[in-house]
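Take 1 as the starting number for the sequence shown in UniProt numbering and just add one per residue.
As C-alpha cells, the structure follows; a few thoughts come after it.
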Amino acid sequence: MTTSFTDKKAVTTVSPEARDAWFKWQLTPPVPTSWELPEEAREDFEDAIMLLLLTGEDASEYADYLNDCLEEFLGESQVKGDFYHDIEQYAQKVVRERRALAERLGVTGDSGNLAAAFADLEAHGVLARGKFSCCGTCASAEIWDEREGSDRWKGYIYYHQQDAENLAESGSTYIGFGSFEAYPSDEEAWKKLSDEQRAAVTRKHEELSLALMLDTVIPTLERYGIKVTWNGSYDTRPRLDNVEVYEIP
1 MTTSFTDKKA VTTVSPEARD AWFKWQLTPP VPTSWELPEE AREDFEDAIM
51 LLLLTGEDAS EYADYLNDCL EEFLGESQVK GDFYHDIEQY AQKVVRERRA
101 LAERLGVTGD SGNLAAAFAD LEAHGVLARG KFSCCGTCAS AEIWDEREGS
151 DRWKGYIYYH QQDAENLAES GSTYIGFGSF EAYPSDEEAW KKLSDEQRAA
201 VTRKHEELSL ALMLDTVIPT LERYGIKVTW NGSYDTRPRL DNVEVYEIP
C-alpha cells in the first residue's frame with residue numbers, strides 16, 4: 001500500500017520512551033506453542049511478522065502470508081484444515097495488539113521525521129511517495145501517473161517496497177528522484193522530437209533533477225534531522241539515515 005503524504009499534518013513528536021516501546025515491542029501474543037515450530041523457525045517466523053507490522057502491510061493479507069511461512073517451515077502437509085483458521089485468528093490478535101499499542105503511545109502514521117519532511121516537500125511542489133511500487137524500475141515509470149494531470153508538481157522523490165523493508169530493519173533507505181519539468185507530458189509530442197531534440201530534453205531533465213535535489217529535497221530532509229549521503233550523480237540514489245517511520249497496520 002503506497003504511503004501518500006499530501007496534506008499531512010505537522011510531525012507528531014514521539015518521546016524516546018515511546019520510540020523504544022514501538023520498535024522494541026515484544027510480539028504479542030506470542031506464537032502458539034501448539035504450532036510446534038522449531039526454535040530457529042520460530043525466530044524466523046516472529047521476524048517475518050514484525051517486518052509486516054513495521055512496514056504497515058495490509059492487515060487483511062497477514063493470514064495468507066503467515067500461512068505461506070508456516071508451510072515453508074513445517075511443510076505444506078502439516079498446514080491444513082483448521083490450521084488456517086488458527087493462523088487467521090492469531091494474525092487478527094497481533095494486529096489488534098499493535099494498534100492498541102499505537103493508541104497507548106500516541107503514535108500515528110503522521111509521526112516521525114520522514115512523514116513531516118515528505119509533507120513539507122509536497123507543500124513545495126515535490127511529489128513524495130513511500131512504499132511506492134515494488135521496485136525502482138516500476139516506481140520510476142509509475143510515478144509519472146501520480147501527477148493525475150496536475151501541474152502543481154515540479155518533481156518527485158520516492159522509496160519503493162523493497163526499500164521500505166530495509167527501512168524497517170535499519171532506519172535507512174534510498175530514494176529515487178527526478179524532475180517533471182523537462183519531458184513533454186504528451187507522449188505524442190515526445191515521439192515527434194528528433195534524436196537531437198530528445199537528447200537535449202534528457203540532458204535538461206537530468207540538470208533539473210539534480211537542482212531539485214540540491215536546492216529543495218536535501219535541505220528539507222536535513223531540516224528534519226535526516227542525514228543525506230549522496231555523490232551528486234543523477235545515476236546514484238541518495239541514502240537517507242536517521243529516518244523514523246511509524247506504520248500502523
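Where a beta carbon is used, it is the ideal one built from N, C-alpha and C, also for glycine.
query	result
DSSP three-state call for Leu37: helix, strand or coil?	coil
Under 8 Å: do the region 172-179 and the region 149-159 share three or more Cβ pairs, one atom per stretch?	yes
From the DSSP output, read off the bridge partner residues of Ala182.	Paired residues: none, contrary to the question.
With distances taken Cα to Cα, identify the nearest neighbour of Arg239 among Asp163, Gly155, Glu39 and Pro30.	Asp163
Between the C-alpha atoms of Gly125 and Glu196, what's the straight-line distance to the nearest angstrom?	30 Å
Could you give the residue range of the beta strand (DSSP E) that holds Thr229?	Lys227 to Thr229
Which partner residues of Phe177 appear in the DSSP bridge assignment?	Ile157
Which class does Leu240 belong to by DSSP, given the choice of helix, strand or coil?	strand
Cβ atoms of Val79 and Val87: under 9 Å apart, would you say?	Looking at the sequence itself, residue 87 is Ile, so the reference to Val does not match. Cβ distance < 9 Å, so Ile87 and Val79 count as in contact.
Output the distance between the C-alpha atoms of Val201 and Cys135, rounded to the nearest integer angstrom.	25 Å
Does the Cβ-Cβ distance between Glu169 and Leu51 come in under 9 Å?	yes
Would DSSP call Leu27 helix, strand or coil?	coil
Check whether the Cβ atoms of Gly171 and Asp110 lie closer than 9 Å to each other.	no
Would you list, in sequence order, the uninterrupted beta strand (DSSP E) runs of no fewer than 3 residues that lie entirely inside the region 89-143?	126-130
Val14 and Val107 - do their beta-carbons sit closer together than 9 Å?	yes
Assuming Asp68 is part of the alpha helix (DSSP H), what are its boundary residues?	Tyr62 to Leu74
Measure the Cβ-Cβ separation of Ser185 and His205 and say whether it is below 9 Å.	no
Can you say whether Glu188 is buried or exposed, counting buried as having 16 or more other CB atoms within 10 angstroms of its CB?	exposed
By Cβ distance below 6 Å, which residues in the same chain neighbour Gly75 in space, the five residues on each side in sequence not counted?	none
Straight-line CA distance for Pro29 to Glu97?	8 Å
With DSSP as the reference, label Thr216 as helix, strand or coil.	helix
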